[in-house]
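K.L.:
Which chain is which? The protein sequence lines are A and B, in order.
Residues in the first sequence are numbered from 1 upward in steps of one, following the working numbering.
Residues in the second sequence are numbered from 1001 upward in steps of one, following the working numbering.
Each residue gets a CB set at the ideal place from its N, CA and C atoms; glycine is no exception.
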Amino acid sequence: MQDALFSAWRSIASFQGLSFRAWLFRIATNRALDHLRSRKRRPELPLEPPEDDDVTWAEPTAPGPDLNQLAGDREALALVETALGALPAEQRTALLLRDVEGFPYEDIAVITSVEIGTVKSRIHRGRLAVRNALIARGWRGPDG
Amino acid sequence: MQHPHTELSAYIDGALAQAAQAAVEGHVAACAVCRAHVAELRATVALVHALPDPVPSRRLIPRLATVPAWLAPLRTVMTLASGTAVFLFIASSLVSNINFLASGSAATSAQEASRDTTTNFRVPTAAQPGSTPARALGPATSPAPTGSAGAALAYNPTASPVAAADGAAAPTPDDAAKALDRSAAGASGAPVGAPQERGQFASSEPQRSPLLNPWLWLTLAIFCGAIAIALQRRLRRSV
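Printed below as a string of structure tokens:
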């Protein structure tokens, strides 16, 4: 954290165009991702999985609680958190910047220094992974 | 139109171009599968959004906020300094004890040796006021033994200079006791010789006083140790 703030202070001259919040997120995100990359020595999932468009949509395995039972449930939130933790860092970053921080796609593209199409893909894959993790635990979606 | 699966997330975020947005909207209205998927994705977004804000652990906050970076090195330095001071305390107390014993017997043997070389043997009457003129001449002109040495010899007739010299090289308890005995006898038996005796010992006084004082090191050890313990507690509390 202080590392990111220090970087931000050093590169305050590069602050232009983007909103200050997005600019700060960009620096913090880059530092965090650098840190994660340097820490993980073991081989892991490729940062950018191959682009096969037909991402699997897992089907419900067995009838389970629907969203009305799950929403607000600690168990569901714990499931979501676990699923997020299993995502590649880049997907998780894009997903959280969108669904938690509420950045528009354009800002996320600038923050993470990738094309907007990549942002779209990462967010979708991330959401799908979380959704599949919920489905795997018996979640049937909002419509039952 | 095929199922626009990969577009659904961008669709619910309103991030598609206008034409694409309208196309997906039309498909979703007609396709139950895609409608269900959109609903699932929206629900997923809601769940992700509902995640509680990560609260930084208490391990992190105070350490970043309040503990200066020099605290840990200072603790290490203080610990080492305390250990060194303890060592110096032990060393200085040993050295000063040895010095005390050695100087006591060495001074006596030196006095006896000078008495032998000058053969200016003085009887215990040297302690009488009659010896005052010799002392008044000062140390440079008075190789003669002091009254206290003469008195000491008089009180310890069995102690030879050779034995005293041996005692200085390797003091045994017996010799040390004799040396103490002599000096005590000199001090009590010849009060007028005391000032000069102190003057002769003055050469060893400056060595002993500042750095060979064990109490200095003991105080320093306690001081540094207390600081090291305080710093350690401070560091542990913040971690």
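Report the rounded CA-to-CA distance for B/A1030 versus B/A1039, giving the unit in angstroms.
P.N.:
Looking at the two C-alpha atoms, the distance is approximately 14 Å.
K.L.:
If we define contact as Cβ-Cβ less than 7 Å, is A/H35 a contact residue for chain B?
P.N.:
Closer than 7 Å: no.
K.L.:
So which residues of chain B does A/W57 contact, with C-beta pairs closer than 8 Å?
P.N.:
The answer, in chain order, is H1005, H1037.
K.L.:
Just checking my contact of B/F1089 with B/L1218 at CB under 8 Å: how many whole Å lie between their CB atoms?
P.N.:
Yes, they are in contact, since the Cβ atoms of B/F1089 and B/L1218 sit about 5 Å apart, within 8 Å.
K.L.:
For the alpha helix (DSSP H) containing A/D107, list its first residue and its last residue.
P.N.:
Its alpha helix (DSSP H) spans residues 105-112.
K.L.:
Near A/T29, which residues of its chain fall below 8 Å by C-beta distance, leaving aside the five closest residues on each side in sequence?
P.N.:
For A/T29, where only same-chain residues beyond five positions count, the Cβ hits under 8 Å are T93, L97, I111, T112.
K.L.:
So is A/P88 buried or exposed if we call it buried at 16+ other beta carbons inside 10 Å?
P.N.:
Label assigned to A/P88: buried.
K.L.:
Could you tell me the boundaries of the alpha helix (DSSP H) in which B/A1019 lies?
P.N.:
Residues 1018-1030.
K.L.:
Which two residues bound the contiguous alpha helix (DSSP H) that contains A/L77?
P.N.:
First-last of the alpha helix (DSSP H) with A/L77: 74-86.
K.L.:
Measuring CB to CB, does B/C1224 end up less than 7 Å from B/S1093?
P.N.:
No, these two residues do not count as a Cβ contact at 7 Å.
K.L.:
Hey, does A/D107 have any beta-carbon neighbour from chain B nearer than 7 Å?
P.N.:
No, because no Cβ of chain B sits closer than 7 Å to the Cβ of A/D107.
K.L.:
State the Cα-Cα distance for the pair B/I1098 and B/T1084, rounded to the nearest angstrom.
P.N.:
C-alpha separation (whole angstroms): 21 Å.
K.L.:
Per DSSP, what kind of secondary structure is A/W23 in: helix, strand or coil?
P.N.:
Looking at A/W23 - three-state DSSP - the assignment turns out to be helix.
K.L.:
Is there contact between the stretch 1008-1018 of chain B and the stretch 79-86 of chain A, where contact requires at least three CB pairs shorter than 8 Å?
P.N.:
Cβ pair count under 8 Å is below three, so no.
K.L.:
Nearest-angstrom Cα distance between B/L1101 and B/P1068?
P.N.:
Each residue's Cα considered, the two are about 50 Å apart.
K.L.:
Say whether chain A places a C-beta atom closer than 7 Å to the C-beta of B/H1027.
P.N.:
No, B/H1027 lies away from the interface with chain A (no Cβ there is under 7 Å from its Cβ).
K.L.:
Do we get a CB-CB distance below 7 Å when we pair B/V1067 with the residues of chain A?
P.N.:
Not one chain A Cβ lies under 7 Å of B/V1067.
K.L.:
Can you tell me the Cα-Cα spacing of A/V130 and A/V80, whole angstroms?
P.N.:
Cα-Cα distance, rounded: 6 Å.
K.L.:
Where does the unbroken alpha helix (DSSP H) through B/Q1002 begin, and where does it stop?
P.N.:
Taken as a continuous stretch (DSSP letters only), B/Q1002 belongs to no alpha helix (DSSP H), as it is neither H nor E.
K.L.:
Could you tell me the distance, in whole angstroms, from the CA atom of B/L1231 to the CA atom of B/L1220?
P.N.:
The alpha-carbon atoms of B/L1231 and B/L1220 are separated by roughly 16 Å.
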